[in-house]
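Beneath this line is the structure, given in structure tokens, with notes to follow.
Written as structure tokens, this is what we have:
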């Protein structure tokens, strides 16, 4: 549409509205009529049947400070009773107070209307606005009023609303008295608008017409405002809708508080609140028109004047709120200015937008023209330039034009949405095809990169610098993450194409959930998160695809970890309506309603500002929801921002397996062979016997600890490993396995990953706290071979990984390799212990021989005693019993006494020894060279570091089920940093060998008893080192010590 056409349409519309307004005013203008002169209005020749009331304008008799209700019919009403004549309508200010400074006071207006002898005619008087409380008396009789008149402020009550009175006079003279009292309006008191008089029918017609028009406009505008508010609720991003709603409602309020003041007729509001409400309606109309324009046309938002005007409106509204109504009323001209300015500016801005080619703005321009017309004519009516019933056409046309704008915009948006939907669907299909092809194309080169990087890390890692090694580890981590994302993309594509088939079977939910929790336990990145499993052992099995069930749980838990910084993540299961209901809850950031609606859509993610760990493609929850649907359920979520989320789904129940597999195990049928038949290895096991000959292990048969919650798997693994000349002990839980570790040395632990209570990951982590990778190898078994599963196992400390169904040849090869590693490490440790036990410090030997030589010069008896003790010390140090796992306490104390005797002879009073071993059982077994190591450390690094020396206390006591060994000195002590470094490793950062005494002893104690050395030290005050030795297990005589809680 051209600019000229827009201007012509707008001008024509405005002219039409103005013309209709002029016709309305002209049609309701009263015909030429006489005016009151000196308190008398002569209407004896007036035709009251023309249907139009006339205004009672002219000179009224006014009696300030008097109530004049009686019928006074004289030729000079004011002069005979001390009154004055003043024009009506008009302010009484100077007549009431004697000056123009205030309008407070009271008085009576009187007017004699001469109508002649018109028998049985009913007349009506309509009062539109009197500034004060008022009532009307006709011929000495009260007819109607508004508020409570009074001569003083105390009983006075103002209520300025229009009212009418109807009467049938007797005779040809009507004496009208209007009593008015005002203590609220500071200026312009009295009758300020014309009082209408005419036949009862004419007065009623005008009143009903004006009120009907006002009510109609108020209802229409109110409906439009509510409609816009409802649209905003559904589309909160459209700020223009809410401001449009507030603009329309404010306009409706101006209509109901002005003209016929319908709102004040319905609500019993006093003068204060009625004035405030009227002002607020006008201020709101102005402010919301500016804000509506600002949000409808964002290009105008850059003008600061809109913000300034809005701030001025807010300040004015606050002034009206806190100021007395009389003060606010004094600013009425300012209110008109606030109302007129935006009514004039907004159409100009909308006209500019229309001229610039904005679509559908012409409707808004017409609406603005209607608003401007309504405001201007309303101001003219308020200042008294014309008087007519309320005219609604311009404001109704305005808001119908505005509604047409919104409907037009909506229809256009709907059409565009349909077109965009078609394009998006096509783009979505192309995107899926592209992602699927890209994923396939990227997997091979990505895995090649990972394999090369892993090879470099394994073969060249030691020769790389720290920065290069860290960069390589980062490269591997990023590559594995990319591989995980590619797998998600492929799964999403398969699910969308419905190419996923489930292998349903009875699955133990508790075991699967425990394994997944432990997988995530190593991915919490140091967060303060507690992972909780609330699935009872007795929970029935579910009918599901185990791999897909683990994938579902993993995705839900991984999502919980990403959006939870601290608190708890829990898996709960319960039986509802014959199905297993699984719930995954967290105490994370939660989700709002919008996020909950789209959380299961592909590529949807929560707001990244919620947590720094949020990453990925947004496919995990979508894949989980689709997999749950394939199982016949629905994945749902309940969440509140800041209170966490709860995901839930249902699975059908199933009977746990008991028949065929268990029976096959009882008959020694190798079920594992049948499961592995697809690998093509087990079927030919008889033909491959001898490929791996029995290993030439040193000593007795290797001891293997097998951990699995499934008795069938335990039976199979026992048979396979026994055939490899292994001594196998099978347990069904991680707790039992930890107890067995304290009973005897082991060469290998084979553990299933998915176990209840303590998964294979957690068991591996606990074992690694006591045994190194080569000291006790761990082989994990799992049904999942995804890279993230394998990575979690290695992070927990596993040496190797075998995927179910197990290939027998692969299992045997890996077991033999790991047992060989264990035996080689044991031999290395044995030689190291022998070296440690047999070594004699050169300085100690040199100093002892020097001391013996010195004593030979002056004290041969002491020399012989020292020589005997030195010989005893050498014999006990080279005793082969020191290579055993345990030695009697008596043997250990003999070495200690020999050592301390020699050092006492050398240092004299600088070394004091206190023995507290009276309660000790000298036949109790403990690791060799254990007490000696503590005593030697206390002597060399404790008391002898002080010039004055010190005291060593050797305390051995029996406490409940264990023997308590403690060595205390009052030497130089150690700092916290020194104690942390003491057991951190046996090599410094420079690669130099550190003392192996305490480190070696602590490691041996942890492996034997699950608990190592306990050190308490204060610099310059001394050190206490202790350890506990459990009592022997009476039920197992072969065991040197009982199992303790690790």
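In this note's numbering, the protein residues as written are 42 to 1087.
No residue lacks a Cβ here, since even glycine has one placed at the ideal position from N, Cα and C.
Exposed or buried, what is residue i when buried is set at 16 or more other beta-carbons lying within 10 Å of its beta-carbon?
i	result
residue 1043	buried
residue 1057	exposed
residue 554	buried
residue 470	exposed
residue 560	buried
residue 783	buried
residue 264	exposed
residue 697	exposed
residue 339	exposed
residue 500	exposed
Is residue i close to chain D, meaning its C-beta is less than 8 Å from at least one C-beta of that chain?
i	result
residue 438	Protein chain content of the structure displayed is limited to a single chain, and chain D is not contained in it.
Out of the options, state which residue places its alpha-carbon closest to the alpha-carbon of residue i.
i	options	result
residue 973	168, 1009, 450, 371	1009
residue 579	614, 291, 853	614
residue 962	989, 1013, 1073	1073
residue 39	786, 577, 629, 210	Given a span of 42 to 1087 for the chain in the structure shown, any question on residue 39 remains unanswerable.
residue 946	1071, 1041, 907	907
residue 693	604, 675, 682	675
residue 102	93, 84, 307, 80	80
residue 551	602, 391, 587	587
residue 416	593, 570, 433	433
residue 438	409, 577, 327	409
residue 634	72, 275, 174	275
residue 976	966, 933, 644, 1003	933
residue 842	790, 308, 797	790
Residues bridged to residue i by DSSP?
i	result
residue 208	164
residue 766	Residue 766 pairs with nothing; no bridge assigned.
residue 844	823
residue 336	Answer by DSSP bridge pairing: none, since residue 336 is not bridged.
residue 45	Note: residue 45 sits in no beta bridge, so no partner.
residue 545	Note: residue 545 sits in no beta bridge, so no partner.
residue 1057	1065
residue 216	153
residue 776	Paired residue(s): none; residue 776 is not in a bridge.
Could you tell me the alpha carbon to alpha carbon distance between residue i and residue j, rounded to whole angstroms?
i	j	result
residue 1130	residue 584	Because residue 1130 is not part of the residues shown, which for the chain are 42 to 1087, the question remains open.
residue 312	residue 189	12 Å
residue 679	residue 631	9 Å
residue 1051	residue 1015	25 Å
residue 939	residue 606	58 Å
residue 52	residue 441	18 Å
residue 1100	residue 251	Since the displayed the chain opens at 42 and closes at 1087, residue 1100 lies outside it and no answer follows.
residue 234	residue 435	24 Å
residue 362	residue 316	10 Å
residue 1000	residue 795	39 Å
residue 750	residue 955	52 Å
residue 172	residue 367	11 Å
residue 766	residue 1045	27 Å
residue 258	residue 89	31 Å
residue 465	residue 839	48 Å
residue 268	residue 421	31 Å
residue 59	residue 324	25 Å
residue 496	residue 746	31 Å
residue 638	residue 529	21 Å
residue 659	residue 848	36 Å
residue 957	residue 950	19 Å
residue 319	residue 298	6 Å
residue 248	residue 296	15 Å
Report the CB separation of residue i from residue j in whole angstroms; it is logged as a contact under 8 Å.
i	j	result
residue 816	residue 775	Actually they do not touch by this definition, with Cβ atoms about 19 Å apart.
residue 218	residue 109	6 Å
residue 237	residue 96	6 Å
residue 769	residue 759	5 Å
residue 306	residue 202	5 Å
residue 105	residue 146	7 Å
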